[in-house]
Amino acid sequence: MPMQGVILAAGDGGRLRPFTYRTPKPLIQLRDRPLIWYPLSAMAEAGIREVGIVVGYQKEQIMEGLTDWAPDGVRLEFIHNPEFEGGNAVSVRAARDFAGGGPFMLAMSDHIIEPGVAVRLTGECEHPAMLGVDSAASMESQLSDATKVLVDGDGFLRRIGKGLRRWNAVDIGVFVFQPSIFATLDLLYAREGAALELSRVMQHLANEPCGVTTRDIEGLFWTDIDTLADFKSAYDHLNSAADLSL
Numbered sequence: 007m008p009m010q011g012v013i014l015a016a017g018d019g020g021r022l023r024p025f026t027y028r029t030p031k032p033l034i035q036l037r038d039r040p041l042i043w044y045p046l047s048a049m050a051e052a053g054i055r056e057v058g059i060v061v062g063y064q065k066e067q068i069m070e071g072l073t074d075w076a077p078d079g080v081r082l083e084f085i086h087n088p089e090f091e092g093g094n095a096v097s098v099r100a101a102r103d104f105a106g107g108g109p110f111m112l113a114m115s116d117h118i119i120e121p122g123v124a125v126r127l128t129g130e131c132e133h134p135a136m137l138g139v140d141s142a143a144s145m146e147s148q149l150s151d152a153t154k155v156l157v158d159g160d161g162f163l164r165r166i167g168k169g170l171r172r173w174n175a176v177d178i179g180v181f182v183f184q185p186s187i188f189a190t191l192d193l194l195y196a197r198e199g200a201a202l203e204l205s206r207v208m209q210h211l212a213n214e215p216c217g218v219t220t221r222d223i224e225g226l227f228w229t230d231i232d233t234l235a236d237f238k239s240a241y242d243h244l245n246s247a248a249d250l251s252l
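Now the structure itself:
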């Protein structure tokens, strides 16, 4: 089955206020394109032709606002997460009916990624989960609120979390999952409820015999847009980097 894509766009974008008082965060414009266009376009460049957008907060505005932004040949499906105020893993769980039939790539609507990132992560993966990481992250917007990871010499995830003291890369917010992820999500949701975060899910899988493999995107551009400072940093970088295909 061809790989599908899922983009999380359900949160309220509170840290990007006042921009998000009237405009949902995924639709905030960066260089005349909504933030969500960047991961969506990257997936399209990687050959993904069906993308589920998980929505919640201001969902009608997002659905209407994306009408003209679907890349050619890409079908969008909107998925409502009624627990959108919870953790991001709950939004992934909401995509079961859309993405439960085969492998899928997961990205965040507020992460800017160049197409090469998605292309690098579309290779075959036999493990239940693969995490995109950057071992050379250096921008403030990449590191200020980073989820840090410890990867072993074979490329497997050992530890993940914002508070790690020992780490050698950062989580870039792009994943590839097999359908078995939904059983894991159900298990952890039953224990922890709607507060469940992806980092918790990934640590659980990393502790299992099958493990979580990683793919380093060192040399390719990505950044997380959490705050106004992040937004300015990304804007300045994109304007100055002539070699980026964005």
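The sequence shown begins at 7 in our numbering and counts up by one. Positions of the beta carbon are idealized from the N, C-alpha and C atoms, including for glycine.
Where Phe84 is concerned, the enclosing beta strand (DSSP E) starts and stops at Arg81 to His86. Residues of the same chain with a CB within less than 6 Å of the CB of Asp232, apart from the 5 flanking positions on each side, are Arg21 and Asp151 in chain order. Thr73 and Ala124 have their C-alpha atoms spaced approximately 22 Å apart.
A straight-line Cα-Cα distance of about 14 Å links Trp43 and Leu244.
Val180: member of the beta strand (DSSP E) spanning Ala175 to Phe183, first to last residue. Taking 8 Å as the cut-off, the Cβ atoms of Ala101 and Ile118 do not count as close. Distance from the Cα of Asp160 is smallest, within the candidate group Asp222, Pro40, Glu66 and Asp38, for Asp222.
The region 163-172 makes no contact with the region 190-202, as fewer than three CB pairs between them are under 8 Å. Secondary structure of Trp43 (DSSP, three-state): helix. For Val61, the closest alpha carbon among the candidates Ile54, Glu91, Ile166 and Tyr27 is that of Glu91. Looking at the backbone, the Cα of Met9 and that of Arg55 are separated by about 8 Å. Relative to the Cα of Pro215, the nearest Cα in the group Tyr27, Asn87 and Pro134 belongs to Pro134. When the Cα atoms are used, Pro24 and Glu132 turn out to be separated by approximately 43 Å. With at least 16 other beta carbons inside 10 angstroms of its own, Glu120 counts as buried.
Per DSSP, Val139 is one residue of the beta strand (DSSP E) stretching across Ala135 to Asp140. Remark: C-beta atoms of Val57 and Leu82 approach each other more closely than 8 Å. In the displayed model, Ala143 falls within coil according to three-state DSSP, outside both helix and strand. Leu36 is positioned such that its CB atom lies no closer than 8 Å to that of Ser115. Where Ala15 is concerned, the enclosing beta strand (DSSP E) starts and stops at Gln10 to Ala15. Of the other Cβ atoms in all chains shown, fewer than 16 fall within 10 Å of the Cβ of Tyr27; this residue is therefore exposed. Annotation: Met69 to Met145 spans about 32 Å, alpha carbon to alpha carbon.
Annotation for Val218: no alpha helix (DSSP H) segment contains it, and DSSP assigns it neither H nor E.
Of the other Cβ atoms in all chains shown, 16 or more fall within 10 Å of the Cβ of Asn94; this residue is therefore buried. In this structure, the straight-line span from the alpha carbon of Asp230 to that of Met136 is close to 19 Å.
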